[in-house]
Amino acid sequence: MTLSPKFRLAAIQSPLLDPSLELELSLKGESLIPGLPDDVALNCLLRLPVKSHTTCRAVCRRWYQLLGSKERFFTRRKELGFHDPWLFVFAFHKCTGKIQWQVLDLVHFSWHSIPAMPCKEKVCPHGFRCVSIPHEGSLYVCGGVVSDVDCPLNLVLKYEVQKNRWTVMKKMITARSFFASGVIDGMIYVAGGNSTDLFELNSAEVMDPDQGIWRPVASMGTNMASYDAAVVNGKLLVTEGWFWPFYVVPRGQIYDPRTDNWEGMATGLREGWTGSSIVVYGHLFVVSEHERTKLKVYDTSTDCWEAVEGPPLPEQICKPFSVNCCDCRIYVVGRNLHVAVGHISRLKRGSSSEKNWSFSVQWQLVNAPEFFSDLTPSSAQVLFA
Numbered sequence: 001m002t003l004s005p006k007f008r009l010a011a012i013q014s015p016l017l018d019p020s021l022e023l024e025l026s027l028k029g030e031s032l033i034p035g036l037p038d039d040v041a042l043n044c045l046l047r048l049p050v051k052s053h054t055t056c057r058a059v060c061r062r063w064y065q066l067l068g069s070k071e072r073f074f075t076r077r078k079e080l081g082f083h084d085p086w087l088f089v090f091a092f093h094k095c096t097g098k099i100q101w102q103v104l105d106l107v108h109f110s111w112h113s114i115p116a117m118p119c120k121e122k123v124c125p126h127g128f129r130c131v132s133i134p135h136e137g138s139l140y141v142c143g144g145v146v147s148d149v150d151c152p153l154n155l156v157l158k159y160e161v162q163k164n165r166w167t168v169m170k171k172m173i174t175a176r177s178f179f180a181s182g183v184i185d186g187m188i189y190v191a192g193g194n195s196t197d198l199f200e201l202n203s204a205e206v207m208d209p210d211q212g213i214w215r216p217v218a219s220m221g222t223n224m225a226s227y228d229a230a231v232v233n234g235k236l237l238v239t240e241g242w243f244w245p246f247y248v249v250p251r252g253q254i255y256d257p258r259t260d261n262w263e264g265m266a267t268g269l270r271e272g273w274t275g276s277s278i279v280v281y282g283h284l285f286v287v288s289e290h291e292r293t294k295l296k297v298y299d300t301s302t303d304c305w306e307a308v309e310g311p312p313l314p315e316q317i318c319k320p321f322s323v324n325c326c327d328c329r330i331y332v333v334g335r336n337l338h339v340a341v342g343h344i345s346r347l348k349r350g351s352s353s354e355k356n357w358s359f360s361v362q363w364q365l366v367n368a369p370e371f372f373s374d375l376t377p378s379s380a381q382v383l384f385a
């Protein structure tokens with residue numbers, strides 16, 4: 001009888017720490033887990049939730065060396081091919097406005113924090129825009145606005161999971177806040193937003209993360225701040241959203257980097273875009289801030305939005321929302337950092353046309369720790385590590 005392994009073992013010779021110290025510990029007979037080969041033991045320890053590291057590293061010196069820093073832990077996970085999703089939530093304290101990042105392990109549903117962003121100014125959390133390159137384990141925080149001064153920023157900060165640190169990148173060409181952002185083919189695009197004195201911008205620019213240099217691209221053709229944005233089929237979709245008292249229909253623009261051109265957004269698409277978006281199965285979904293917080297999906301063939309079958313968001317998930325997705329799961333972070341995990345199912349109605357796909361959702365609630373009760377989310381990004 002052949003047994004299938006429950007996890008893959010990686011034959012890797014690089015030491016946990018300095019080779020001379022590793023040899024010294026090995027000669028003293030100190031194994032990672034007594035009775036197990038080190039490669040098997042290492043595969044076990046690298047599955048430990050980060051929140052348990054403080055306790056576990058007290059077991060022995062070798063555990064301390066592995067679990068004593070997030071940098072070493074995530075570097076070893078990368079070397080051995082671990083590739084699990086983590087939800088990075090940009091949040092702020094509702095009373096003090098102090099910003100912080102909290103990280104949800106999407107395997108164990110446990111939380112840990114990362115170092116504070118190197119931002120000297122007192123800033124408005126909502127003015128930033130965050131994007132990520134998930135499979136590289138890096139996220140970027142761009143722009144922003146200084147609180148009470150109405151002064152936009154052009155800063156760019158990069159966080160890397162394996163290094164567990166922030167890096168100050170080259171600044172954007174134009175300082176902006178409340179703008180559109182997205183990643184297309186590994187390139188970071190920003191467009192529109194607010195300039196000084198709430199003047200709306202029409203400029204756009206792009207950065208190659210490998211080079212860290214910004215360059216301008218075609219202007220939007222209209223001055224517009226962004227309520228939400230999404231990348232669908234290699235294009236950046238930008239909407240300014242609805243504003244009370246709803247006298248004016250929201251505008252929307254679509255950018256195609258292949259032609260470096262902008263075009264207007266279809267009427268149904270921009271009028272029905274009433275919440276935060278995610279893209280699953282190549283389709284644009286919106287977690288509506290109205291309509292009993294139902295999930296809906298856009299049908300390009302009819303220029304209409306359709307409600308997704310299933311219940312509304314769990315009542316514990318309160319506005320404002322931050323959303324993101326991974327494969328067929330969507331993550332909605334609400335006030336106090338409670339998280340709803342939406343499992344999206346896709347069913348075929350008949351023919352192969354887009355119209356004949358139907359979707360349903362089932363929600364799973366992940367309650368946040370009590371000490372998150374004063375935190376409000378501003379962005380959520382999925383990274384793999």
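The sequence shown lines up with residues 1 to 385 when you count with full-length UniProt numbering. We put the beta carbon where it would ideally sit given N, CA and C, even for glycine.
Check, Outcome
"My output table needs one value for K171: the three-state DSSP class, helix, strand or coil.", "coil"
"Straight-line CA distance for V161 to V248?", "43 Å"
"Could you compute how far the alpha carbon of A307 sits from the alpha carbon of H338?", "23 Å"
"So, for H83: in the same chain, excluding its five sequence neighbours on each side, which residues have a beta-carbon less than 6 Å away from its beta-carbon?", "F384"
"By alpha-carbon positions, which one of Q253, L157 and I330 ends up nearest to S203?", "Q253"
"Distance check for W166 and L27, CA to CA, integer angstroms please.", "Reliability of the predicted coordinates at L27 is poor, the pLDDT of 38 falling under 50, and no value is obtained from them."
"Would you mind reading off the limits of the beta strand (DSSP E) that contains residue 410?", "Outside the displayed span of the chain (1 to 385) sits residue 410, for which this structure offers no information."
"Assuming P125 and G97 form a contact by the criterion Cβ under 8 Å, report the distance between their Cβ atoms to the nearest whole angstrom.", "7 Å"
"With DSSP as the reference, label A41 as helix, strand or coil.", "helix"
"If the criterion is Cβ atoms closer than 8 Å, does the pair A229 and V238 meet it?", "yes"
"Report yes if the C-beta distance between V149 and M172 is below 8 Å; otherwise report no.", "no"
"Here's the rule: buried if 16 or more other CB atoms are within 10 angstroms of the residue's CB, otherwise exposed. What is N324?", "buried"
"Can you tell me where the beta strand (DSSP E) holding G264 begins and where it ends?", "N261 to G264"
"Looking at the unbroken alpha helix (DSSP H) that takes in F109, where does it start and where does it end?", "From DSSP, F109 is part of no alpha helix (DSSP H); its letter is neither H nor E."
"Taking F359 as the reference, which of G342, F371 and W273 has the closest Cα?", "G342"
"In whole angstroms, what is the alpha-carbon distance linking S219 and F199?", "15 Å"
"Can you give the Cα-Cα distance for R346 and A191, rounded to whole angstroms?", "33 Å"
"How close, in whole Å, do the beta carbons of P115 and V382 come, if the pair is a contact with beta carbons under 8 Å?", "Not really, about 19 Å apart at Cβ, beyond 8 Å."
"Taking DSSP's pairing of strands, which residues face F88 in a bridge?", "V103 and Q381"
"Can you grab the Cα-Cα spacing for the pair V145 / N233, in whole Å?", "31 Å"
"With 16 other CB atoms within 10 Å as the buried threshold, where does G182 fall?", "buried"
"In whole angstroms, what separates the C-alpha of G241 from that of W63?", "51 Å"
"On the three-state DSSP scale, how would you describe Q65?", "helix"
"Are S288 and A380 close, meaning C-beta to C-beta below 8 Å?", "no"
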